[in-house]
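Line by line, the protein sequences are chains C and H.
Here my numbering is used: the first residue of the first sequence is 15, the next is one more, and so on.
Here my numbering is used: the first residue of the second sequence is 15, the next is one more, and so on.
Note that beta-carbon positions come from the ideal geometry of N, C-alpha and C, so glycine has one too.
Contents: one structure, followed by commentary.
2 protein chains.
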Amino acid sequence: MAQSFYSHITKFTKLEETEFEAVLPFFKTIKVRKKENLLIEGQVCKTHFFVLEGCLRKFFINNKGVEQTTEFAIENWWLTDNIAYERGLPTEFYIQAVENSVVLVIDKQLQDKLLLEHPKLERYFRFIYQRAFAASQMRIKYLYDFSKEEAYFQLCKNQPEFVQRVPQYLIASFLGFTPEYLSEIRNQKRS
Amino acid sequence: MAQSFYSHITKFTKLEETEFEAVLPFFKTIKVRKKENLLIEGQVCKTHFFVLEGCLRKFFINNKGVEQTTEFAIENWWLTDNIAYERGLPTEFYIQAVENSVVLVIDKQLQDKLLLEHPKLERYFRFIYQRAFAASQMRIKYLYDFSKEEAYFQLCKNQPEFVQRVPQYLIASFLGFTPEYLSEIRNQKRS
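Written out as C-alpha cells, the structure is:
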C-alpha cells in the first residue's frame with residue numbers, strides 16, 4: 015500500500031525506489047476506525063498524517079458547542095494543524111477518521127530529519143504546501159463571496175464524488191450550516 | 015536593497031553570496047506607486063511578487079461591486095494568485111500597491127527554471143508555502159469562528175503595527191465590513 019505513497023512522491027520529484035526504501039522507515043502505518051480521533055483539542059500537535067486509504071477530517075468546537083469541520087483529507091492528502099505542528103503547540107482542533115482508514119504518520123522531528131537527509135523531498139513538500147496554500151486561498155475567496163447555497167452548489171460541481179462519499183451532516187458542518195438546512199437546499203434543488 | 019531578499023532566503027536555507035549572485039538575475043526589480051495595479055482581473059497571472067519595501071494588497075470585486083481585500087503583503091512577503099499562477103489561468107483578483115513600493119518580480123517559467131538550477135531554493139520555497147498555508151488555515155478558522163468585532167480585535171492584538179500602517183478603509187475591506195461599521199467598533203472600543 016506504501017506503493018501509492020511512492021507514486022504520489024514521484025508525481026512531483028524524482029526518487030529512486032532504493033531511496034524510497036530509506037524514506038519509508040521514517041513513517042509509521044496505522045489503521046484507524048471510523049470516528050476514532052487522531053488528534054484532540056489541547057494536545058501538542060506533533061504529527062503529520064498522509065491518507066493511504068479512507069478519509070479524515072479536521073474540526074474545532076465553536077463557541078456554540080458545535081463541531082465546525084474545516085478540512086477533509088482523502089487518499090493522497092496530507093493533514094495536520096500546521097501552525098501547531100510547526101511550532102510544537104497545543105492544537106485547537108480535532109482530527110478524526112470519517113471512514114475506517116489507513117494512514118501514514120510522521121513526527122515533526124523525523125520530518126525535519128527526513129528533509130535534511132533526503133533533500134529531494136524538499137521539492138515534493140514544496141509542491142504539497144504550494145497546492146494546499148493555493149486551494150486554501152480559493153476557499154477564503156469562496157467564504158467571502160458565496161452564499162451558503164452557492165457554496166454547496168460549487169462543492170457539488172467541483173467535487174461530485176466527494177459530496178457522494180462523505181455523510182451529509184459532515185458536508186453541512188464543512189459549509190457551516192445545520193443538516194436540516196442542507197436537506198432543505200437539496201430538496202429545493204430536486205424540485 | 016536585494017540584500018534584504020538574501021537575508022530572507024538565508025533564514026530558511028544555506029546559500030552562498032556567490033550563488034545568490036546567480037539567483038538575482040532571475041528577478042526584475044520594479045517600483046510601483048500607491049494605488050498602481052500589478053495584476054488585474056481577467057489577466058493571465060504569470061508573475062510572483064516579493065515585497066522589498068512598501069505594501070501590496072490582493073482583492074476581488076464581489077457581486078455587490080465592492081472591493082473585498084483577501085490578503086496584504088508587506089516587506090519579505092510573497093504575493094500572487096497562486097492557483098492562476100501555477101496553472102497559467104486568467105485571475106479573478108487584482109493586486110494593487112497600498113503604498114509606494116519596491117517589488118521583486120519573477121515569471122512562472124523563470125521560477126520553475128530557478129528551482130531546477132538552484133535546488134537549494136526548494137527548501138526556501140517549501141518554508142514560504144508551508145507558513146503561508148498555516149496562516150491561511152488559521153484565517154479560515156477565524157472566518158468561521160469569530161464575529162466581525164472579534165476579528166477586528168484579534169487583528170489589533172496580533173498585528174498592531176499592521177493596523178496602524180494600513181488605511182482603515184482597507185482594514186474594513188479585509189474584514190468584510192464597511193468603513194462606517196469599523197468606525198463604530200473603534201468608537202465603542204474607546205468609550
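In this structure isoleucine 97 of chain C touches alanine 148 of chain H by the C-beta definition: roughly 4 angstroms separates them, less than 8 angstroms. For valine 180 of chain C, the three-state secondary structure derived from DSSP is coil. Neighbourhood of arginine 140 of chain C in chain H, by CB distance below 7 angstroms: Glu136, Phe139, Arg140 and Tyr143, in chain order. Scanning H/Leu93, H/Arg140, H/Tyr20 and H/Ala16 for the CA closest to the CA of lysine 42 of chain H turns up H/Ala16. Glutamine 82 of chain C carries a strand assignment under DSSP once its states are collapsed to helix, strand and coil. Per DSSP, the continuous beta strand (DSSP E) segment holding isoleucine 109 of chain H begins and ends at 108-111.
With respect to chain C, the C-beta atom of glutamine 82 of chain H has a partner C-beta closer than 9 angstroms. Using a CB distance below 8 angstroms, the part of the stretch 148-180 of chain H facing chain C consists of Ala148, Ala149, Ser150, Gln151, Met152, Arg153, Ile154, Lys155, Leu157, Tyr158 and Asp159, ordered along the chain.
For the C-beta of asparagine 96 of chain H, the chain C residues within less than 8 angstroms are, from N- to C-terminus, Gln144, Phe147, Ala148 and Gln151.
When C-beta atoms of the stretch 120-128 of chain H are compared with those of the stretch 22-36 of chain H, fewer than three pairs fall below 8 angstroms, so the two segments do not count as touching.
A direct Cα-Cα distance of roughly 26 angstroms separates arginine 47 of chain H from alanine 146 of chain H. Within its own chain, the residues whose Cβ lies closer than 6 angstroms to the Cβ of asparagine 90 of chain H, once the five positions on either side in sequence are excluded, are His22, listed in chain order. Contact of phenylalanine 74 of chain H with chain C is assigned, a C-beta pair being separated by under 9 angstroms. The C-beta of glutamine 82 of chain H has 16 or more other C-beta atoms within 10 Å across all chains shown, which makes the residue buried. DSSP places arginine 137 of chain C in the helix class (H, G or I) of the three-state scheme. At least one CB atom of chain H sits nearer than 9 angstroms to the CB of leucine 129 of chain C. Phenylalanine 139 of chain C and aspartate 121 of chain C have their C-alpha atoms spaced approximately 15 angstroms apart. Residues of the same chain with a CB within less than 6 angstroms of the CB of tyrosine 20 of chain H, apart from the 5 flanking positions on each side, are Phe34 in chain order. One finds nothing in chain C with a Cβ atom closer than 9 angstroms to the Cβ of glutamate 113 of chain H; even the nearest lies about 23 angstroms away. The C-alpha of proline 193 of chain H lies about 16 angstroms from the C-alpha of threonine 84 of chain H. If you look at glutamate 164 of chain H, you'll find it isn't in any beta strand (DSSP E); it sits in the alpha helix (DSSP H) that goes 162-172. For glutamate 67 of chain H, the enclosing beta strand (DSSP E) has its first and last residue at 61-67. With fewer than 16 other Cβ atoms from the protein chains shown falling within 10 Å of its own Cβ, serine 161 of chain C counts as exposed.
Looking at the DSSP output, serine 115 of chain C sits in a beta bridge with C/Val46. Cβ atoms of glycine 56 of chain C and valine 116 of chain C stay farther apart than 8 angstroms, at about 26 angstroms. Here the C-alpha atom of glutamine 178 of chain H lies approximately 32 angstroms from the C-alpha atom of glycine 190 of chain C. In the structure shown, aspartate 126 of chain H falls within a helical segment according to DSSP collapsed to helix, strand and coil.
With fewer than three CB-CB distances shorter than 8 angstroms, the stretch 103-110 of chain C does not count as touching the stretch 97-111 of chain H.
Per DSSP, leucine 52 of chain H is one residue of the beta strand (DSSP E) stretching across 51-53. Under the DSSP assignment, leucine 103 of chain C falls outside any alpha helix (DSSP H); it carries neither an H nor an E label.
The beta carbon of isoleucine 142 of chain C sits closer than 7 angstroms to those of Trp92, all from its chain and outside the five residues before and after it, given in chain order.
Rounded to the nearest whole angstrom, the C-alpha separation of threonine 94 of chain C and phenylalanine 73 of chain C is 11 angstroms.
Rounded to whole angstroms, the gap between the alpha carbons of leucine 118 of chain H and lysine 60 of chain H is 14 angstroms. Contacts with chain H at 9 angstroms (Cβ-Cβ) do not include glycine 79 of chain C. Identification of chain H residues near glycine 190 of chain C by a Cβ-Cβ cut-off of 8 angstroms yields Tyr158, ordered along the chain. Rounded to the nearest whole angstrom, the C-alpha separation of lysine 155 of chain C and leucine 130 of chain C is 35 angstroms.
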